[in-house]
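Protein chains in written order, with this note's numbering: chain A, 776 to 889; chain B, 815 to 926.
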């Protein structure tokens, strides 16, 4: 496999469920990102991890809990979400701090909260 | 904070030129980007321009930057059905990926 892989591609959950999104990158990068993509809204940066350390948290509600066990894997744990959290969640990676501005994205996990 | 604005939708006929526009507010932006998102896929960097440039051309793509008006455009010549996608404008003050501010994306529909 190459690139950035996200699973599951689609997820439907109730507001009381606990689920996780997984991201894996095979590019040898050391920085990984979670973005939220909602219709008609700008892409929102949620979290940034650099060498497994969280370096950015853009005021994301605590019902979203990231985990980065190593530079190749990133998780987003979901708990007691709201319907407005329904969106496409994109994972991305870069080498270093991404000085070229080039993010390498996965295909996304489409989340629906009922 | 920084803001990047784009129109949401553009429809063009195959073979015509497409022009996707973007405005941004951060005057310290030094790098400006165009990303493309095909259906069911993540975003992919198409091209970028430094703020000290007015124009950049890459095959069918032409990027124009008007720094005074903080206006960026992407022109696609001879638009094909495979160009149908969402195009995101983004800016960063230092070119650092973690500092990128994206727009809403413009959905380009190419009709026959």
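Each residue gets a CB set at the ideal place from its N, CA and C atoms; glycine is no exception. Note that the structure is a prediction, hence the values are computed from the model and not measured.
*Assuming residue 843 of chain B contacts residue 906 of chain B under a Cβ cut-off of 8 Å, what Cβ separation, rounded to an integer in Å, is found between them?*
7 Å
*Any C-beta of chain B under 8 Å from that of residue 783 of chain A*: no
*With 16 other CB atoms within 10 Å as the buried threshold, where does residue 853 of chain B fall?*
exposed
*State the beta-bridge partners of residue 793 of chain A as determined by DSSP.*
A:854
*Closer than 8 Å, CB to CB, is residue 888 of chain A near chain B or not?*
no
*residue 901 of chain B at chain A interface by Cβ criterion, 8 Å*: no
_Exposed unless 16 or more other CB atoms sit within 10 angstroms - verdict on residue 893 of chain B_ = buried
*Three-state secondary structure (DSSP) of residue 867 of chain A*: strand
*Hey, is residue 880 of chain A's beta-carbon within less than 8 Å of any beta-carbon in chain B?*
yes
*Could you spell out the range, first to last residue, of the beta strand (DSSP E) harbouring residue 844 of chain A?*
839-845
*Contact list for the segment 823-849 of chain B against chain A, Cβ threshold 7 Å*: 845 and 847
*Which residues, in order along the segment 827-859 of chain A, keep a beta-carbon less than 8 Å from a beta-carbon of chain B?*
830 and 831
_Bridge-paired residues (DSSP) for residue 880 of chain B_ = B:885
*With 16 other CB atoms within 10 Å as the buried threshold, where does residue 823 of chain B fall?*
exposed
*Note down the Cα distance separating residue 829 of chain A from residue 821 of chain A, rounded to an integer number of angstroms.*
11 Å
*asked:* Strictly under 8 Å for the Cβ-Cβ distance: is residue 857 of chain B near chain A by that measure?
replied: yes
*When you compare only the Cα positions, how much space is there between residue 865 of chain A and residue 852 of chain A?*
14 Å
_List, in chain order, every chain B residue whose beta-carbon is nearer than 7 Å to that of residue 883 of chain A._
856
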